[in-house]
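See structure below.
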Amino acid sequence: MKFFKAMATIGSWTMLSRLAGFLRDMLTAIIMGAGPLTDAFFVALKLPNFFRRITAEGAFSAAFVPVFSGKLAADGRQEAMGFARNAQAMMLTILLPFAALIVVAMPLVVPLIAPGFVTEDNGRYDLAVELARITFPYMVLISLVALLGGVMNAFDRFAPFAAMPLFFNLALIAALLYAAAGGETASPAHAMAWGVLAAGVMQLLWMMFQSLRAGAFVGLARPRMTPEMKKTFALMGPGILGAGIAQINLFIDMILASFLPAGAISYLYYADRLYQFPLSIIGISIGVALLPMLARAIKSENHGEGQRLFSQALSAGALLALPAAAGLAMLAAPIISALFEYGKFTAEDTLMSARALQAYALALPAFIAVKIFSAASFAAEDTKTPVRYAIIGSLVNIVFSILLLIPLGHVGIALATAIGAWVNALLLARKIVQQNPAAIWTKSETRQMLSLLMCTAAMTAVLAAALHLDAAALFPATAFGKITHMFALVFAGMAVYFSAAFFTGNMRYLKELFRKSA
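Residue numbers (our numbering): 15 to 532.
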């Protein structure tokens, strides 16, 4: 499967999932708003996601996928599947008792990530503990799903695992609608917590079914410490360290936000969800597609193919990331108003969330670059370099979160994320240039980058002018009017950007993307 086709497959499913996620967030904003109840649920949701970045898509996948892909290329399908069964057995042996321990100790765990809840009398602490006990077992389920997804991706079957977030969002939408319809639940937050657990079960059953269809079912086995497992754990070591630092970073962000007025955690959540939309479609799609393909090219010593894949990833990332970041920064308020400003979500909530989104938008190109650079290192079984720079970026993030908290509040936390991301990306870029000066800054790629910046500047100028128009005179002050206004601005920006791309010769990259995705 060609790289662009894999990227398009993953990106399409990711887009569907993110659209469902926006519907979920709209319902959450309408039904729950941005207050203590919502803050407590978001803390409960963050907790299993903290650990899944180590046990699922993070350190584990970065170590497992290259080893599995390499074994598949060198020893064949049967040996590779035996390794996968053993990896799954080791995962269950470790994660099941760990999850049980955390659930029991949850009253001690929640104060570690949201200490501000403990000193309040609005019930956020007790509710967060109760909800987190429901959601935390999801960490085990999604880790098993990630292992099956890594196996399927190695066989160039990207669609089943790419569809997983869609199941998650649909389950939470169903839970919210059940609560809104008067279902027997203590609160909408409780319904969503149970929805998280139900989503994990659905995701696991789906991946088991799809792997069975593909002849890649990972059955049960007795855990054994084989040479491949030792290699996987050795590769995971730096990843766990890096992910651990990153999670400490997120923990500190949560700790700092918990001391801000009620709603700050929710503002950051809604803003994060919006900038994660292009990050997932562009960055994660590129990274997931690039890792197994590049690993096989490196294992086969096909350096020309590896360089070609890396260049394609950079071109696709730059072409899409720059306008996405500029568009989010310029249109933050209209987008959030159109999507969330209903029910209990107020105009003040829109303003606060938009400010955070503008700061997060600055991080988007950096995060996408990190996905590409890190995938290249992981494919070469070098987990130390990306992790070392991720640690530096996370430490920078933490320092600036603390420094900017008092003057900028929750916006300072988002801005610190952008600063840390750019430090990480620039360090990785410098390392790659040192190893291979032609890997990034060829004359062709430099010209492309400059012309794309010009296209983005033209789009930004048009959007700035459009935002000064009297929207109230053009669009009715209704939900339909706000959504129409948002789409009008988005399509205007896209039209200007791609027209400029056509006149500067960059449309050939887009044509290549769609031609090779067909």
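Built from N, CA and C at the ideal position, the CB exists for glycine as well.
Quiz item: From N63, V510 and I279, pick the residue whose C-alpha is nearest to that of A471; which is it?
Solution: V510
Self-check item: Collapsed DSSP secondary structure at K358 in the structure displayed
Solution: coil
Quiz item: Alpha carbon to alpha carbon, what distance is there between A54 and L342?
Solution: L342 and A54: Cα-Cα distance of roughly 27 Å.
Exercise. Give the secondary structure of L527 by DSSP, where H, G and I count as helix, E and B as strand, and everything else as coil.
Key: In this predicted model, L527 has a pLDDT of only 49, less than 50, meaning its place in the structure is not dependable; the value taken from the coordinates is given anyway. If DSSP states are grouped into helix, strand and coil, L527 belongs with the helices.
Quiz item: Which value, in whole angstroms, describes the spacing of the CA atoms of A377 and T431?
Solution: 7 Å
Exercise. Check whether the Cβ atoms of T28 and I295 lie closer than 7 Å to each other.
Key: yes
Exercise. Taking all protein chains shown into account, decide if Q326 is buried (16 or more other Cβ within 10 angstroms of its Cβ) or exposed.
Key: Its Cβ being crowded by 16 or more others within 10 Å, Q326 is buried.
Self-check item: Proximity below 7 Å, CB of A370 to CB of Y281
Solution: yes
Quiz item: For the alpha helix (DSSP H) that contains I130, what are its first and last residues?
Solution: First, the amino acid is wrong: residue 130 is Gly here, not Ile. It spans P129 to V132 - the alpha helix (DSSP H) in which G130 sits, taken as one unbroken run.
Practice problem: For Q448, count neighbouring Cβ atoms within 10 angstroms of its own Cβ and tell me buried if that reaches 16, exposed if not. | Solution: exposed
Quiz item: Between the C-alpha atoms of D170 and F131, what's the straight-line distance to the nearest angstrom?
Solution: Whole-angstrom Cα-Cα distance: 45 Å.
Practice problem: Kindly give me the distance between the Cβ atoms of R332 and F381, rounded to whole angstroms, as I take these residues to be in contact under 8 Å. | Solution: With the sequence shown as reference, residue 332 is identified as Ala, and Arg is not the correct amino acid for it. A332 to F381, Cβ: 13 Å. No contact.
Quiz item: So which of R147, N63, R287 and Y356 has the shortest CA-CA distance to L265?
Solution: The amino acid occupying residue 265 in the given sequence is Phe; Leu does not appear at that position. Of R147, N63, R287 and Y356, the residue nearest in Cα terms is N63.
Quiz prompt | Sufficient close CB pairs (3 or more, under 8 Å) joining the segment 354 to 369 to the segment 497 to 505 | solution = no
Quiz prompt | Option in L274, D286 and F387 with minimal Cα separation from L328 | solution = F387
Practice problem: Throw me the rounded Cβ distance for the A346 and A368 pair, which I believe falls under 8 Å. | Solution: 4 Å
Practice problem: Indicate whether A207 and I148 have their beta-carbon atoms separated by less than 7 Å. | Solution: Against a cut-off of 7 Å, the Cβ pair of I148 and A207 comes out as a contact.
Quiz item: Span of the alpha helix (DSSP H) holding E483?
Solution: This sequence places Leu at residue 483; Glu is not what is there. Taken as a continuous stretch (DSSP letters only), L483 belongs to no alpha helix (DSSP H), as it is neither H nor E.
Practice problem: Could you tell me how far apart the beta carbons of F78 and L161 are, in whole angstroms, since I believe they sit closer than 8 Å? | Solution: 7 Å
Quiz item: Taking buried to mean at least 16 other C-beta atoms within 10 Å of its own C-beta, is I116 buried or exposed?
Solution: buried
Exercise. Taking A515 and C469 to be in contact with their CB atoms under 8 Å, please state how far apart those CB atoms are, rounded to whole angstroms.
Key: A Cβ-Cβ distance of about 5 Å is found for the pair A515 and C469, placing them in contact under the 8 Å criterion.
Quiz item: Just reading off the alpha helix (DSSP H) that T52 is part of, what are its end residues?
Solution: P50 to T69
Quiz item: From A389 to A475, what does the alpha carbon distance come to, in whole angstroms?
Solution: 34 Å
Self-check item: Distance CB(Y152)-CB(L249) smaller than 7 Å
Solution: no
Quiz item: Which residues in the same chain have their Cβ closer than 6 Å to the Cβ of M15, if we skip the five residues on either side of it in sequence?
Solution: Because the pLDDT at M15 is just 47, under 50, the model does not fix this residue reliably, and the value given afterwards should be weighed accordingly. Closer than 6 Å at the Cβ level, and outside the excluded window around M15, lie D170.
Exercise. Decide if H204 is buried, meaning its Cβ has at least 16 other Cβ atoms within 10 Å, or exposed.
Key: buried
Exercise. Along the alpha helix (DSSP H) that carries F112, what are the first and last residues, could you check?
Key: Here the alpha helix (DSSP H) through F112 covers R91 to V118.
Quiz prompt | Cβ pair count under 8 Å reaching 3, the segment 162 to 182 against the segment 26 to 43 | solution = yes
Quiz item: Given Q102, which residues of its chain have a CB within under 6 Å of its CB, disregarding the five upstream and five downstream residues?
Solution: L161 and V232
Quiz item: Hey, out of I412, A230, M120 and K445, whose CA is closest to I433's CA?
Solution: I412
Practice problem: Measuring alpha carbon to alpha carbon, tell me which of P275, G209 and R66 ends up nearest I156. | Solution: R66
Exercise. Report all residues from its chain with a CB closer than 6 Å to the CB of M366; omit the five preceding and five following residues, and keep chain order.
Key: Y281
Self-check item: Sequence-distant residues of its chain with Cβ nearer than 8 Å to Y289 (five each side left out)
Solution: L342, L371, Y374, A375, A377 and L378
Quiz prompt | Helix, strand or coil at A195 according to DSSP, with G and I counted as helix | solution = Correct three-state label for A195: coil.
Quiz prompt | Inter-residue spacing [alpha-carbon to alpha-carbon] between F291 and P337 | solution = 13 Å
Quiz item: According to the Cβ coordinates, are L190 and A34 closer than 7 Å?
Solution: no
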